[in-house]
Amino acid sequence: MGLGKLLHDHAEHADVGGTIDHPRAYELAAEIGFLGRRREIFTRLAALSGVRPGDRVLDVGCGTGYLTRILAPIVSPAGRVTGVDASAPMVEHARRRAPGNCSYQVGEGQALDLPDAGFDVVVSSLAVHHIPAAERGAALREMFRVLRPGGRLLIAEFRPPTNHLLAQLVGMVSGPAMRHSPHDLLGDLIPAAGFHVQDEGDLPVMLSYVRALRPST
């Protein structure tokens, strides 16, 4: 079984979505895929999110909890980081490594079992492409719902390589994830959900991000 098949055995088509249920294989693939710069890149994502001490943060599609563990010391003991992922094995992996101010639950981004306006920041990295295309709008609306007015959103997704050969090699590992650019994947879903887009940009090793706000009124 190839690594791409192993990671994405519940996601045969980019628009159907699916889960990753092999956390150790995913961690290995992530370290390779980010060329040894994973910590650096996700630390930059944490900074872009605008998370501050005392914030309540939600990570939608938290996977193994890698980003939540970077955010945990930033929010300090007074803050809280909650991770949600549709894969029970990934959530269990995250729980075993959880700092004291992190908690995790199994759930889908398009149907969050969380209260309205309960978070200051919502982040989602490399997760939207795992949500079925028909449900991505609902997932963004759920992120809007659980953010307090004035709360901040950060979405990060894969940015396909422009080199055709490199794109083929990456596709062997990433499966359906790399078939669409972030612009094709997200379209106007973020503003359509009610967010005000602040900015967007690229990060090293094939990532793009969008930052947005839930309006205060």
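The opening residue of the sequence shown carries number 932 in the numbering used here; numbering runs sequentially from there.
Backbone N, C-alpha and C fix where the C-beta goes; we use that ideal spot for every residue, glycine too.
Please classify S1139: does DSSP put it in a helix, a strand, or coil?
The answer is strand: DSSP assigns S1139 an E or B state.
How would you call R990, buried or exposed, if buried means at least 16 neighbouring beta carbons within 10 angstroms?
Just to set this straight, residue 990 is Asp in the shown sequence, not Arg. Answer is buried; the Cβ neighbour count reaches 16.
So, for P1135: in the same chain, excluding its five sequence neighbours on each side, which residues have a beta-carbon less than 7 Å away from its beta-carbon?
Correct list, in chain order: R968 and I972.
Per DSSP, what are the beta-bridge partners of S1056 in this structure?
Answer is A1087, bridged to S1056.
Do you know offhand how far G1003's Cα is from A1123's?
Note that residue 1003 corresponds to Ala in the displayed sequence, not to Gly. About 30 Å.
According to DSSP, is C1034 helix, strand or coil?
One detail in the question is off: residue 1034 reads as Ser in this sequence, not Cys. Correct three-state label for S1034: strand.
Report, in whole angstroms, the separation of the C-beta atoms of R1145 and P1080, which I expect to be a contact under 8 Å.
With a Cβ gap of about 6 Å, R1145 and P1080 count as contacting.
Just tell me which of S1007, R970, T974 and A978 has its CA closest to the CA of D986.
Checked all of S1007, R970, T974 and A978; the closest Cα to D986 is S1007.
In the structure shown, what three-state DSSP assignment does G964 receive?
In this structure, G964 counts as helix in the three-state DSSP scheme.
E962 to G981, Cα distance in whole Å?
Answer to the nearest angstrom: the Cα atoms are 25 Å apart.
Assuming L1120 and E1088 make a contact with CB atoms under 8 Å, what is their CB distance in whole Å?
Not really, about 11 Å apart at Cβ, beyond 8 Å.
F1050 bridges to which residues according to DSSP?
Per DSSP, L1078.
Determine the direct distance from the alpha carbon of V988 to that of G1010, and round the result to whole angstroms.
Each residue's Cα considered, the two are about 8 Å apart.
Would you mind sorting E943 into buried or exposed? The rule is 16 or more other CB atoms within 10 Å of its CB.
Only weak support exists for where E943 lies, its pLDDT of 45 falling under 50; the coordinates are left without a value.
For T1148, which three-state DSSP category applies?
If DSSP states are grouped into helix, strand and coil, T1148 belongs with coil.
Give the straight-line distance between the Cα atoms of E958 and V1128, rounded to the nearest whole angstrom.
E958 and V1128: Cα-Cα distance of roughly 31 Å.
Would DSSP call T1013 helix, strand or coil?
Reduced to three states, the DSSP call for T1013 is strand.
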